[in-house]
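Student:
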Amino acid sequence: MRPRAFYALIVLEVMAVALAFVCAFFYRNYLLGSALLIMPVAWGSLFAIVSIGPFFVAKAFDRRMVVIVLEALALGAPFLFFPGVTLSYLIPSLVVVFAVIAWGERESRQELENGMKIKFFRVVKPMLGRTLTAGIVFAILLYVPQWEQKKEFVSQSYFDEIFSWSMSVVKKTYPNIEPDSSLMIAAKGIAEKELMDKPMFAALDPAVRAREISLAAEEVLKNLTARIPLEVKPDEKINDIAYRFVANTLRDWYEKTGKAFLIGLGVLMFFVIRGVSMILYIPLSALAFLFYQTLFAMRIIHVSGESQLKEVIEYS
Numbered sequence: 002m003r004p005r006a007f008y009a010l011i012v013l014e015v016m017a018v019a020l021a022f023v024c025a026f027f028y029r030n031y032l033l034g035s036a037l038l039i040m041p042v043a044w045g046s047l048f049a050i051v052s053i054g055p056f057f058v059a060k061a062f063d064r065r066m067v068v069i070v071l072e073a074l075a076l077g078a079p080f081l082f083f084p085g086v087t088l089s090y091l092i093p094s095l096v097v098v099f100a101v102i103a104w105g106e107r108e109s110r111q112e113l114e115n116g117m118k119i120k121f122f123r124v125v126k127p128m129l130g131r132t133l134t135a136g137i138v139f140a141i142l143l144y145v146p147q148w149e150q151k152k153e154f155v156s157q158s159y160f161d162e163i164f165s166w167s168m169s170v171v172k173k174t175y176p177n178i179e180p181d182s183s184l185m186i187a188a189k190g191i192a193e194k195e196l197m198d199k200p201m202f203a204a205l206d207p208a209v210r211a212r213e214i215s216l217a218a219e220e221v222l223k224n225l226t227a228r229i230p231l232e233v234k235p236d237e238k239i240n241d242i243a244y245r246f247v248a249n250t251l252r253d254w255y256e257k258t259g260k261a262f263l264i265g266l267g268v269l270m271f272f273v274i275r276g277v278s279m280i281l282y283i284p285l286s287a288l289a290f291l292f293y294q295t296l297f298a299m300r301i302i303h304v305s306g307e308s309q310l311k312e313v314i315e316y317s
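Here the sequence shown stands for residues 2 to 317, numbered as in the numbering used here.
1) Classify residue 317: buried if its beta carbon has 16 or more other beta carbons within 10 angstroms, exposed otherwise.
2) Sorted by chain position, which residues of the same chain lie with C-beta nearer than 7 angstroms to residue 10's C-beta, five sequence neighbours on each side aside?
3) Relative to the C-alpha of residue 294, which candidate in 79, 121, 30, 8 has its C-alpha closest?
4) Out of 185, 192, 291, 133, which has the shortest C-alpha to C-alpha gap to residue 279?
5) Grouping DSSP H, G and I as helix and E and B as strand, with all else coil, what is residue 312?
6) Could you have a look at residue 182 and say whether DSSP puts it in helix, strand or coil?
7) Determine contact between the stretch 40-53 and the stretch 124-143, defined as no fewer than three beta-carbon pairs at a distance below 8 angstroms.
8) State the start and end residues of the unbroken alpha helix (DSSP H) segment that holds residue 175.
9) Taking residue 266 as the reference, give the member of 3, 142, 77, 66 with the closest Cα.
10) May I have a chain-ordered list of the beta strand (DSSP E) segments no shorter than 3 residues that lie completely inside the stretch 62-119?
11) Alpha carbon to alpha carbon, how far is residue 195 from residue 38?
12) Please classify residue 77 as buried or exposed, where buried requires at least 16 other C-beta atoms within 10 Å of its C-beta.
13) Mind checking residue 44: buried by the 16 CB within 10 Å criterion, or exposed?
14) Using the rule of at least 16 other Cβ atoms within 10 Å of the residue's Cβ for burial, across every protein chain shown, is residue 298 buried or exposed?
15) Quick one: complete alpha helix (DSSP H) runs, 4+ long, within the stretch 211-281?
16) Which value, in whole angstroms, describes the spacing of the CA atoms of residue 105 and residue 66?
17) Whole-angstrom Cβ separation of residue 21 and residue 30, contact assumed at under 8 angstroms?
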């Protein structure tokens with residue numbers, strides 16, 4: 002009779018491959034605009050956690066390499082007929098994903114085999130870290146063709162979120178300015194703040210103050226429109242103006258440098274996302290540890306001690 006771990010390993014491997022496919026499927030839908038980014042992130046995190054199971058249950062490293070190949074193929078399956086992605090581009094991308102995951106698997110395997118005790122977090126750190134890196138690289142590699150095809154290097158929805166966050170700093174100085182305020186309202190807010198800082202202005206009649214603010218706002222508006230290298234209207238929202246400015250600047254850089262711009266932007270995006278993903282690593286490793294303990298509770302794996310003989314070099 003086969004041990005319970007034999008069947009559990011097959012189930013865990015099938016789950017890992019299936020989760021890789023689901024993660025890629027939702028990322029594909031995200032690129033098409035029909036899914037939220039949180040969906041592929043959530044499924045990708047679950048994939049990384051479940052992959053811990055086969056790593057500890059499987060004895061043969063060769064078997065793990067075969068499963069990682071299947072996981073890479075599952076990641077690529079949803080993009081076989083994706084706009085802008087050809088087989089000649091997809092296959093090398095999957096090879097990179099396989100190499101990075103296999104690298105982490107090998108490092109974790111060496112830590113597991115060479116250590117006197119099984120230190121879970123130390124063992125899985127290379128594996129989880131490389132899996133996160135592989136996911137980020139794959140996401141960027143599949144995102145680059147969208148940049149080149151649409152020439153839309155910044156999504157307006159995500160830009161608006163970042164812009165709104167940055168405007169929270171501006172609001173401390175100019176509390177009347179909102180991210181979706183028109184340029185005229187923003188000019189009025191700047192003018193009002195500057196005039197209110199003058200003691201003599203506060204003593205003026207309300208009607209006079211309103212007139213002075215309007216005159217100052219027109220002057221501020223004139224200065225702003227002169228400095229912005231775009232055709233803008235007073236009733237246009239400042240977040241839309243900022244987005245057009247950034248998008249046009251990036252588009253101009255792309256037209257001047259071509260592929261070099263895409264590579265540079267991809268590298269920059271990798272380091273930004275990699276830095277943010279380190280925050281995700283802590284809860285991810287904690288959940289992986291709970292899954293690891295679940296395998297013990299289900300008696301799929303257990304820890305046993307063994308003595309080893311090692312060759313050493315001594316003085317003659």
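We put the beta carbon where it would ideally sit given N, CA and C, even for glycine.
Tutor: Judging by the given coordinates:
1) Within the sequence shown, residue 317 is the residue found at index 316, counting from 1. Any reading at residue 317 must be qualified, since the residue scores a pLDDT of 38, below 50, and its modelled position is unreliable; the value itself is stated next. By the 10 Å Cβ count, residue 317 comes out exposed.
2) As a first step, residue 10 must be located in the sequence shown, where it is residue number 9. Around residue 10: 55, 58, 59.
3) Here residue 294 is taken as the residue at index 293 of the sequence shown, counted from 1. Measuring from the Cα of residue 294, the nearest candidate turns out to be 121.
4) The sequence position of residue 279 within the sequence shown is 278, counting from 1. Considering only alpha carbons, the answer is 133.
5) In the sequence shown, the residue the question calls residue 312 occupies position 311. Residue placement at residue 312 is poorly supported in this model, since its pLDDT is 49, which falls under 50; the coordinates are not used for a value here.
6) Position 181 of the sequence shown, counting from 1, holds the residue named residue 182. Three-state DSSP puts residue 182 in coil, outside helix and strand.
7) yes
8) Indexing the sequence shown from 1 puts residue 175 at position 174. It is not in any alpha helix (DSSP H) - residue 175 carries neither H nor E in the DSSP assignment.
9) As a working note, residue 266 is residue 265 in the sequence shown. Of the candidates 3, 142, 77, 66, the one whose C-alpha sits nearest the C-alpha of residue 266 is 142.
10) none
11) The sequence position of residue 195 within the sequence shown is 194, counting from 1. The sequence position of residue 38 within the sequence shown is 37, counting from 1. One C-alpha to the other measures close to 41 angstroms.
12) If you number the sequence shown from 1, residue 77 lands on position 76. Buried, by the Cβ-count rule.
13) As a position in the sequence shown, residue 44 is number 43, starting the count at 1. Label assigned to residue 44: buried.
14) In the sequence shown, the residue the question calls residue 298 occupies position 297. Counting Cβ neighbours within 10 Å, residue 298 comes out exposed, since fewer than 16 surround it.
15) 239-258
16) Sequence index remark: in the sequence shown, residue 105 carries index 104 (1-based). Sequence index remark: in the sequence shown, residue 66 carries index 65 (1-based). Between residue 105 and residue 66, the C-alpha separation is close to 11 angstroms.
17) Counting from 1 along the sequence shown, the entry for residue 21 is found at position 20. Counting from 1 along the sequence shown, the entry for residue 30 is found at position 29. So it is not a contact: roughly 15 angstroms between Cβ atoms.
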